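*Asks:* Have a look at this one.
There are 2 protein chains.
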Amino acid sequence: MNWAQLTELIKTKQSFLCVGLDSEIDKIPAHLRNTEDPVFEFNRSIIDATLPFTVAYKPNLAFYESRGIEGLNSLKKTMDYLENFRTECFTIADAKRGDIGNTSSQYARAFFSKAASGFDFDAVTVAPYMGEDSVSPFLAFEGKWVVLLALTSNKGAFNFQLNEDTSGTALFENVLKTSQSWGSKNNLMFVVGATRAEMLEKVREIAPEHFLLVPGVGAQGGSLSEVARYGLNKDCGLLVNASRSIIFASTGTDFASKAAEEAKKMQEEMSLILRNAGIVS
Amino acid sequence: MNWAQLTELIKTKQSFLCVGLDSEIDKIPAHLRNTEDPVFEFNRSIIDATLPFTVAYKPNLAFYESRGIEGLNSLKKTMDYLENFRTECFTIADAKRGDIGNTSSQYARAFFSKAASGFDFDAVTVAPYMGEDSVSPFLAFEGKWVVLLALTSNKGAFNFQLNEDTSGTALFENVLKTSQSWGSKNNLMFVVGATRAEMLEKVREIAPEHFLLVPGVGAQGGSLSEVARYGLNKDCGLLVNASRSIIFASTGTDFASKAAEEAKKMQEEMSLILRNAGIVS
Numbered sequence: 002m003n004w005a006q007l008t009e010l011i012k013t014k015q016s017f018l019c020v021g022l023d024s025e026i027d028k029i030p031a032h033l034r035n036t037e038d039p040v041f042e043f044n045r046s047i048i049d050a051t052l053p054f055t056v057a058y059k060p061n062l063a064f065y066e067s068r069g070i071e072g073l074n075s076l077k078k079t080m081d082y083l084e085n086f087r088t089e090c091f092t093i094a095d096a097k098r099g100d101i102g103n104t105s106s107q108y109a110r111a112f113f114s115k116a117a118s119g120f121d122f123d124a125v126t127v128a129p130y131m132g133e134d135s136v137s138p139f140l141a142f143e144g145k146w147v148v149l150l151a152l153t154s155n156k157g158a159f160n161f162q163l164n165e166d167t168s169g170t171a172l173f174e175n176v177l178k179t180s181q182s183w184g185s186k187n188n189l190m191f192v193v194g195a196t197r198a199e200m201l202e203k204v205r206e207i208a209p210e211h212f213l214l215v216p217g218v219g220a221q222g223g224s225l226s227e228v229a230r231y232g233l234n235k236d237c238g239l240l241v242n243a244s245r246s247i248i249f250a251s252t253g254t255d256f257a258s259k260a261a262e263e264a265k266k267m268q269e270e271m272s273l274i275l276r277n278a279g280i281v282s
Numbered sequence: 002m003n004w005a006q007l008t009e010l011i012k013t014k015q016s017f018l019c020v021g022l023d024s025e026i027d028k029i030p031a032h033l034r035n036t037e038d039p040v041f042e043f044n045r046s047i048i049d050a051t052l053p054f055t056v057a058y059k060p061n062l063a064f065y066e067s068r069g070i071e072g073l074n075s076l077k078k079t080m081d082y083l084e085n086f087r088t089e090c091f092t093i094a095d096a097k098r099g100d101i102g103n104t105s106s107q108y109a110r111a112f113f114s115k116a117a118s119g120f121d122f123d124a125v126t127v128a129p130y131m132g133e134d135s136v137s138p139f140l141a142f143e144g145k146w147v148v149l150l151a152l153t154s155n156k157g158a159f160n161f162q163l164n165e166d167t168s169g170t171a172l173f174e175n176v177l178k179t180s181q182s183w184g185s186k187n188n189l190m191f192v193v194g195a196t197r198a199e200m201l202e203k204v205r206e207i208a209p210e211h212f213l214l215v216p217g218v219g220a221q222g223g224s225l226s227e228v229a230r231y232g233l234n235k236d237c238g239l240l241v242n243a244s245r246s247i248i249f250a251s252t253g254t255d256f257a258s259k260a261a262e263e264a265k266k267m268q269e270e271m272s273l274i275l276r277n278a279g280i281v282s
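Line by line, the protein sequences are chains A and B.
In terms of the numbering used here, the first sequence has 254 at position 253, counting the first letter as 1, and numbering is strictly consecutive.
In terms of the numbering used here, the second sequence has 279 at position 278, counting the first letter as 1, and numbering is strictly consecutive.
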């Protein structure tokens, strides 16, 4: 899915919601536990329930890898199921990869080449620590996206990301500036945590046109209106992720309808934001 | 495997060689391609041939993930095979993971919890960008290790890792300093690329006692004697990785014996280094 298609999808659904499929097996509703693949059954129900309100799905690989090959099978089935809705949602492998050039090429195949790996995500999250040649192999895949970590939503972001260099530029700002020569707004997004919404203003000064993937709304405490206030650009340019607050809204048999309710609430708030900004009418 | 056991193993084998199992399927010798699992057959032969000269094996996950679930099966079989040699080698998942706290906990299970994932590595490589809470969940696993990226061997290391903050401290030095409060020499190592051997002197000033995992010797051009000159400490404190120069020393039917030859050459050079330094007699 390219920039124009994603932007159009946002306008059509009046939503910039990304649902994080962080489907931790211990939190899956009890009544699904006896099915053949509880995590896939859970994901399928969550997708069916939330698709009208959602423009992107973002499984975090950790929650699948923690169950070894069985977990990867759940992920594979989930992504195969999402192929039925290719024009209705964008898909992000939240994997935070990055390695030396020839190795990152292998990771790119892992997420982008269906022929090689069976997976065909639209985008993958990448860590910037190893620099350009760790990122560019992903950008070499036509029509695919890198979502580069800039300012994350966790406490550990303070350890290094906010450190300023001799010219007063924080590391995350340096990442935003430097990486813009590696890709364009058409294949490069940035992760900026909602828990630092006021920093979005600074981010928008450096990267006015790029999509920002904003985690941390919901369970992590970030505010959607604050994120929109500082992060929205003229085409929207935001994907706001919520995971636990939607997928684990209920742990009972009504988990899917409760997830839909939570997603709908966010979509309605987003619709209002988009209308107030004149992005949709 | 703990610090004392690893150090003893180095002295016994008179080697600090780590073999990188970057077993790219397109480079596997042709005569193995018709076996049921060419990558596993290749790895098993490489392990059998190099074990006398090697103290550690380091599969890079990218080369397995690029083949999807089939690739993960090859890795699983390889690691199951290595369990036969638990006291004879240390194992490192070169995965360069790192995420917010509860997610990193899931990654830790993926690599350290046999019950959860089927994998039971001694160590995993972790990227430091997201800071303390992205690293500490790995360190919470008793007897397991984090190998934290500090200064990598690739060109992209210049983008951010060498940037100095207002106090003149480069990012990689800051990572070395800050992370020492997260773990000890008993569960925390650092990646320092051999392509910048002279920087090892600076690294040793900051982290005199920690093990350093040094990639970049061999195909990437780093020199073993330079690495030892600046990186060795009184107990050795080094694991030097070579991948392609050993495992792809030949692409013919003699690939295993040629790999053994290359590993033996490095072990002999390492033995001399250890004797000259008085670490073994």
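Note that CB positions come from ideal geometry on N, CA and C, so glycine has one too.
Keep in mind the model is a prediction, meaning the values are calculated, not measured.
1) I want to see whether chain B comes within less than 9 Å of Q181 of chain A, judged by CB atoms only; does it?
2) Would you call the CB atoms of Q6 of chain A and T88 of chain A closer than 9 Å?
3) Looking only at C-alpha atoms, which of B:W146, B:T13 and B:W183 sits nearest to M190 of chain B?
4) To which residues does DSSP link L273 of chain B through a beta bridge?
5) On the DSSP bridge list, what partners appear for T92 of chain B?
6) Between which two residues does the alpha helix (DSSP H) containing V204 of chain B stretch?
7) Would you kindly report the start and end of the unbroken beta strand (DSSP E) that includes T126 of chain B?
8) Answer with yes or no whether the minimum CB distance from P129 of chain A to chain C is below 9 Å.
9) How would you write the range of the alpha helix (DSSP H) that G253 of chain A sits in, first residue to last?
10) Starting from W4 of chain A, trace the alpha helix (DSSP H) in both directions and tell me its first and last residue.
11) Let me check one thing: in DSSP terms, what residues is A243 of chain B bridge-paired to?
12) Please report the distance separating the alpha-carbon of I29 of chain A from that of D81 of chain A.
13) For Y58 of chain B, decide whether its Cβ has a neighbour in chain A, counting only Cβ atoms nearer than 9 Å.
14) For a contact defined as C-beta to C-beta under 8 Å, what are the partners of Y108 of chain B on chain A?
15) Kindly give me the distance between the Cβ atoms of L233 of chain A and I274 of chain A, rounded to whole angstroms, as I take these residues to be in contact under 8 Å.
16) For D166 of chain B, which of helix, strand or coil comes out of DSSP?
17) Roughly how many angstroms lie between the CA atoms of V281 of chain A and V193 of chain A, to the nearest whole one?
18) Alpha carbon to alpha carbon, how far is H211 of chain A from K59 of chain A? Give it in angstroms, no decimals.
19) Would a check of beta-carbon distances place E25 of chain A closer than 9 Å to chain B?
20) Please compile the residues from chain A whose C-beta is within a distance smaller than 9 Å of the C-beta of Q162 of chain B.
21) I need the DSSP call for F158 of chain A, collapsed to helix, strand or coil.
22) Below 7 Å between beta carbons is the criterion; list the residues of the segment 75-93 of chain A that meet it against any residue of chain B, in chain order.
23) Applying the 10 Å Cβ sphere with the 16-neighbour rule, what's the burial state of R34 of chain A?
24) Distance cutoff 9 Å, beta carbons only. Does N44 of chain A sit that close to anything in chain B?
25) Go ahead and pull the three-state DSSP assignment for F64 of chain A.
26) Check A278 of chain B in the structure and name its three-state DSSP category.
27) Which same chain residues end up closer than 8 Å to T8 of chain A when comparing Cβ atoms and leaving out the 5 residues on each side of it in sequence?
28) Going by the beta-carbon positions, is the gap between A26 of chain A and L73 of chain B smaller than 9 Å?
29) Can you give me the C-alpha to C-alpha distance between V101 of chain B and F142 of chain A, rounded to a whole angstrom?
30) What residues of chain B sit near L150 of chain A, judged by a beta carbon separation below 8 Å?
31) So, for D134 of chain B: in the same chain, excluding its five sequence neighbours on each side, which residues have a beta-carbon less than 6 Å away from its beta-carbon?
32) Between A117 of chain A and chain B, is the shortest Cβ-Cβ distance under 9 Å, so that the two count as touching?
33) Mind pulling the chain B residues with CB within less than 7 Å of G1 of chain A?
34) The beta strand (DSSP E) with A141 of chain A in it runs from where to where?
*Replies:* Looking at the atomic coordinates:
1) no
2) yes
3) B:W146
4) According to DSSP, which records beta bridges pairwise, L273 of chain B is partnered with nothing at all.
5) B:Y58
6) M200 to I207
7) A124 to V127
8) The structure shown has no chain C; the protein chains it does contain are A and B.
9) No alpha helix (DSSP H) contains G253 of chain A, which DSSP labels as neither H nor E.
10) W4 to K14
11) B:V20
12) 20 Å
13) no
14) A63, E66 and S67
15) 7 Å
16) strand
17) 24 Å
18) 18 Å
19) yes
20) Y130, M131 and G132
21) According to the sequence as given, residue 158 of chain A is Ala; it is not Phe. Three-state DSSP puts A158 of chain A in a helix.
22) K77
23) exposed
24) no
25) helix
26) coil
27) D236 and C237
28) Reading off the sequence shown, one finds Ile at residue 26 of chain A, where the question assumed Ala. Contact flag unset, no.
29) Per the sequence shown, residue 101 of chain B should be read as Ile rather than Val. Using only the alpha carbons, I get a separation of about 27 Å.
30) Y130 and M131
31) G102
32) yes
33) The displayed coordinates of chain A run from 2 to 282. Any statement about residue 1 of chain A would go beyond what the structure contains.
34) That residue, A141 of chain A, is in no beta strand (DSSP E); it is neither H nor E in DSSP.
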